[in-house]
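> Dropping a structure here in structure tokens format, bear with me for questions.
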Amino acid sequence: MIETTLLLAVLLGIAVLFLLILGFKLPAFISLLISSIVVGITAGMDPASIINSMTKGMGGTLGFVAVVVGLGAMFGAILEKSGGAYALANGIIERFGVAKAPWALMLIGFIIAIPVFFDVAFIIMIPMLYSLQKKSGKSLLLFAIPLLASLAIAHAFIPPTPGPIAVADILKADLGMIILLGITVGLPTAIICGPIFGKWIANKIHIEAPFQEETELTYSKLPALSSILAIIATPILLIVIQTLIKQSPAVQEELPRLLLQLFELIGHPFIALIIANLLAWVVLGLGQGFSSKSLLKLSNKSLEMAGTIILLTGAGGVFKEILIDTGAGEMLANLVVDAKIALLPIAFATAVLIRLLQGSATVAMITAAGLVAPLVSPELSPWQLSLIVLAVASGASTTSHVNDSGFWLVGQYLGLNETQTLRSWTLMTALLSVISFSLILVLSLFI
């Protein structure tokens with residue numbers, strides 16, 4: 066009887082979530098909070114317990130996520146405003162040439178999407194895509210698809226982007242391991258879904274660059290390519306080095322205690338991103354002629370976009386905490402164990418379902434993570450836990466269609482009608498999801 070009530074509570078909570086988002090068009094943040102309350106009431110929690118669970122879930126999640134997402138947003142804003150992202154693209158394209166531009170664009174997307182939000186990175190690159198199409202006379206999709214594929218992959222798979230940061234915190238996974246495994250899964254996926262699929266679909270659909278969007282982005286002075294690469298790589302390398310040291314007892318024995326403490330400090334995402342922000346502030350900000358006042362204004366504005374993601378992630382933490390405190394999470398875990406269903410397919414399928422129904426990849430990642438978190442066994446290794454994070458990201462990346470704002474953004478800027486967008490962008494995201502999850506399953510055999 067108790068299990069039936071808890072299962073009903075979970076199903077009702079999910080139904081209410083979709084009704085509020087899809088039917089009443091409420092923001093995902095408040096929809097997740099209301100759904101959490103519905104689960105608590107249906108499961109028999111008293112009002113005080115529901116409020117305590119909400120407070121615990123919100124506070125426990127935001128203690129980490131708010132800092133990392135906030136720092137990441139400021140870092141990305143300075144990189145964008147200084148022309149750093151555009152200079153990076155220009156530098157790589159010049160070295161590769163037009164003939165190899167699809168491969169160069171795949172690489173550019175992979176790098177830029179780490180500090181810069183997906184839609185911002187895509188818009189920055191639009192003038193370059195138009196220019197390449199006009200120089201080559203080939204379909205715009207030949208250049209756009211490799212960029213879009215790598216932007217989507219890096220944004221979902223590689224911290225410190227908000228999605229994997231949020232899921233990692235909800236599932237208590239190690240960011241350094243997620244970075245390493247995210248690159249391992251992401252690069253082959255980007256190659257297949259980017260240059261290879263892009264060449265195939267470009268032969269099927271020929272798109273000319275829209276004439277009304279010929280203007281190139283202009284910057285008074287572009288920063289050096291080497292500086293940009295070094296600044297972007299700094300936080301990633303620091304986080305990964307700290308993770309590798311933590312996982313290697315032999316290395317810990319060899320290194321002096323003071324050095325171990327130093328790496329533990331600067332390799333934490335908080336400190337690593339603070340260092341990256343200081344470098345960006347000095348090199349890309351003051352070094353490019355920006356005043357401290359304008360940089361402060363830019364940083365403050367960047368937090369507006371970060372605020373939405375931070376609050377949404379906190380609401381996902383509330384949903385997870387309610388599932389745990391009602392006992393619904395344990396009940397679901399027992400059902401999974403009894404049915405002998407592997408956790409990776411559950412994480413993937415949950416994220417796929419939520420993404421298909423409501424459109425937002427971020428909402429899908431956070432909601433799926435909240436549902437999966439109570440199922441995670443403490444016996445899983447940190448590497449296995451990281452694969453679950455990637456399975457959620459893989460599922461949430463699937464099949465962007467008409468209920469996703471990204472679908473309309475891509476179609477509008479590339480001059481595609483709805484059918485062409487479905488045949489190119491939507492098909493690419495579906496392929497991306499299947500290939501990345503297949504690679505995750507292969508990795509799970511060895512980890």
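Last residue of the sequence shown? That's 512 in this note's numbering, and every number before it is there in order.
Backbone N, C-alpha and C define an ideal beta-carbon position, used for all residues, glycine too.
Note that the structure is a prediction, hence the values are computed from the model and not measured.
Roughly how many whole angstroms lie between the Cα atoms of residue 175 and residue 498?
Taking the first residue of the sequence shown as position 1, residue 175 is located at position 110. Taking the first residue of the sequence shown as position 1, residue 498 is located at position 433. Rounded to whole angstroms, residue 175 to residue 498 spans 16 Å at the Cα level.
> Can you check the stretch 156-192 for any alpha helix (DSSP H) of at least 4 residues that lies completely inside it and give the ranges in chain order?
List check, alpha helix (DSSP H) in window: 166-177.
> Tell me, please, whether the stretch 338-346 touches the stretch 114-127 by the rule of three or more beta-carbon pairs shorter than 8 Å.
Output reads no: the stretch 114-127 does not touch the stretch 338-346.
> Work out the CA separation of residue 251 and residue 511 for me, nearest whole Å.
One-based indexing of the sequence shown puts residue 511 at position 446. One-based indexing of the sequence shown puts residue 251 at position 186. Cα-Cα distance, rounded: 17 Å.
> Excluding the 5 residues flanking residue 428 on each side, which residues of the same chain have their C-beta closer than 6 Å to its C-beta?
Counting from one through the sequence shown, the residue named residue 428 turns up at place 363. Taken in chain order, the residues that qualify are 93.
> Can the beta-carbon of residue 133 be found less than 8 Å from the beta-carbon of residue 229?
Numbered from its first residue, the sequence shown carries residue 133 at position 68. Numbered from its first residue, the sequence shown carries residue 229 at position 164. Going by C-beta atoms, residue 133 is not nearer than 8 Å to residue 229.
> For the alpha helix (DSSP H) containing residue 225, name the first residue and the last one.
Along the sequence shown, one-based indexing puts residue 225 at 160. No alpha helix (DSSP H) contains residue 225, which DSSP labels as neither H nor E.
> Rounded to whole angstroms, what's the CA-CA distance from residue 156 to residue 227? Just pull it up for me.
As a working mapping, residue 156 is identified with position 91 in the sequence shown. As a working mapping, residue 227 is identified with position 162 in the sequence shown. The alpha-carbon atoms of residue 156 and residue 227 are separated by roughly 27 Å.
> Return helix, strand or coil for residue 428, following the three-state DSSP convention.
Within the sequence shown, residue 428 is the residue found at index 363, counting from 1. Looking at residue 428 - three-state DSSP - the assignment turns out to be helix.
> Could you check what DSSP says for residue 273 in three-state terms: helix, strand or coil?
The residue given as residue 273 occupies position 208 in the sequence shown. DSSP places residue 273 in coil when its eight states are reduced to three.
> Would you mind working out which of 182, 107, 145 and 246 sits nearest residue 48, comparing C-alpha positions?
The structure shown has nothing for residue 48, since the chain only spans 66 to 512.
> Would you identify the three-state DSSP class for residue 408, choosing helix, strand or coil?
If you number the sequence shown from 1, residue 408 lands on position 343. Of the three classes helix, strand and coil, the one that applies to residue 408 here is helix, per DSSP.
> Taking all protein chains shown into account, decide if residue 216 is buried (16 or more other Cβ within 10 angstroms of its Cβ) or exposed.
Position 151 of the sequence shown, counting from 1, holds the residue named residue 216. That one is buried.
> Residue 139: which of 264, 180, 165 and 121 sits nearest, CA to CA?
Here residue 139 refers to the residue found at position 74 of the sequence shown. Checked all of 264, 180, 165 and 121; the closest Cα to residue 139 is 180.
> How many Å lie between residue 434 and residue 90 at the Cα?
Here residue 434 refers to the residue found at position 369 of the sequence shown. Here residue 90 refers to the residue found at position 25 of the sequence shown. Residue 434 and residue 90: Cα-Cα distance of roughly 22 Å.
> Per DSSP, what kind of secondary structure is residue 468 in: helix, strand or coil?
Numbered from its first residue, the sequence shown carries residue 468 at position 403. If DSSP states are grouped into helix, strand and coil, residue 468 belongs with coil.
> Determine the extent of the alpha helix (DSSP H) in which residue 92 is found, giving its start and end residues.
To locate residue 92, count along the sequence shown from 1; it is residue 27. Where residue 92 is concerned, there is no enclosing alpha helix (DSSP H), given that its DSSP letter is neither H nor E.
> Spatial neighbours of residue 381 within its chain, please: C-beta separation below 8 Å, excluding the five flanking residues on both sides.
In the sequence shown, counting from the first residue as 1, residue 381 sits at position 316. So the qualifying residues of the chain are 97, 126, 231, 235, 431, 432, 434 and 435.
> To the nearest whole angstrom, what separates the beta carbons of residue 147 and residue 353, a pair I think is in contact under 8 Å?
The residue you call residue 147 lines up with position 82 of the sequence shown. The residue you call residue 353 lines up with position 288 of the sequence shown. Correct: roughly 5 Å between the Cβ atoms.
> Within the same chain, show all residues whose beta-carbon is closer than 7 Å to that of residue 505, passing over the 5 residues directly before and after it, in chain order.
Mapped onto the sequence shown, residue 505 falls at position 440. Around residue 505: 250, 409, 452, 455, 456 and 459.
> Would you kindly check if the distance between the Cβ of residue 372 and the Cβ of residue 123 is under 8 Å?
Here residue 123 is taken as the residue at index 58 of the sequence shown, counted from 1. Here residue 372 is taken as the residue at index 307 of the sequence shown, counted from 1. Result no, Cβ atoms of residue 123 and residue 372 do not sit closer than 8 Å.
> By the DSSP assignment, the alpha helix (DSSP H) with residue 498 in it spans what residues?
In the sequence shown, counting from the first residue as 1, residue 498 sits at position 433. Residues 492-509.
> Give a yes or no on contact between the stretch 408-424 and the stretch 359-376, applying the rule of three or more CB pairs nearer than 8 Å.
They do not touch, by the three-pair rule.
> Quick check on residue 69: buried or exposed, where buried means 16 or more other Cβ atoms within 10 Å of its Cβ?
Locating residue 69 in the sequence shown gives position 4, counting from the first residue. Counting Cβ neighbours within 10 Å, residue 69 comes out exposed, since fewer than 16 surround it.
> Could you check what DSSP says for residue 292 in three-state terms: helix, strand or coil?
Reading the sequence shown from its first residue, position 227 is the one you call residue 292. Of the three classes helix, strand and coil, the one that applies to residue 292 here is helix, per DSSP.
> Looking only at its chain, what residues have a beta carbon closer than 6 Å to the beta carbon of residue 287, apart from the 5 residues adjacent to it on each side?
By 1-based counting over the sequence shown, the position of residue 287 is 222. These residues qualify, in order along the chain: 148 and 152.
> Straight-line CA distance for residue 488 to residue 464?
Numbered from its first residue, the sequence shown carries residue 488 at position 423. Numbered from its first residue, the sequence shown carries residue 464 at position 399. Cα to Cα, residue 488 sits roughly 11 Å from residue 464.
> Going straight from the alpha carbon of residue 585 to that of residue 111, what length do you get?
Since the first residue shown for the chain is 66 and the last is 512, residue 585 is missing from the structure and cannot be characterised.
> Can you tell me where the alpha helix (DSSP H) holding residue 315 begins and where it ends?
Locating residue 315 in the sequence shown gives position 250, counting from the first residue. Unbroken alpha helix (DSSP H) run through residue 315: 314-319.
> At a cut of 8 Å, does the stretch 179-198 reach the stretch 76-91 through at least three beta carbon pairs?
In short, these stretches do not touch, since the Cβ pair count stays below three.
> May I have a chain-ordered list of the alpha helix (DSSP H) segments no shorter than 4 residues that lie completely inside the stretch 353-410?
Counting whole runs of 4 or more residues, the stretch 353-410 contains the alpha helix (DSSP H) stretches 357-391 and 393-404.
> What span of residues does the alpha helix (DSSP H) with residue 334 cover, start to end?
Walking along the sequence shown from the start, residue 334 turns up at place 269. 334-344 is the extent of the alpha helix (DSSP H) around residue 334.
> With a CB to CB cut of under 8 Å and the five nearest residues on each side skipped, what residues in its chain are close to residue 135?
Numbered from its first residue, the sequence shown carries residue 135 at position 70. Result list for residue 135: 368, 371 and 375, in chain order.
> What are the uninterrupted segments assigned as alpha helix (DSSP H) that are 4 or more residues long and contained completely in the stretch 227-270, given in chain order?
Whole alpha helix (DSSP H) segments, 4+ residues: 227-236, 240-256 and 262-269.
> Kindly list the residues whose CB is nearer than 8 Å to the CB of residue 346, restricted to its own chain and excluding five residues on each side of it in sequence; keep chain order.
Within the sequence shown, the letter at position 281 stands for residue 346. Result list for residue 346: 143 and 360, in chain order.
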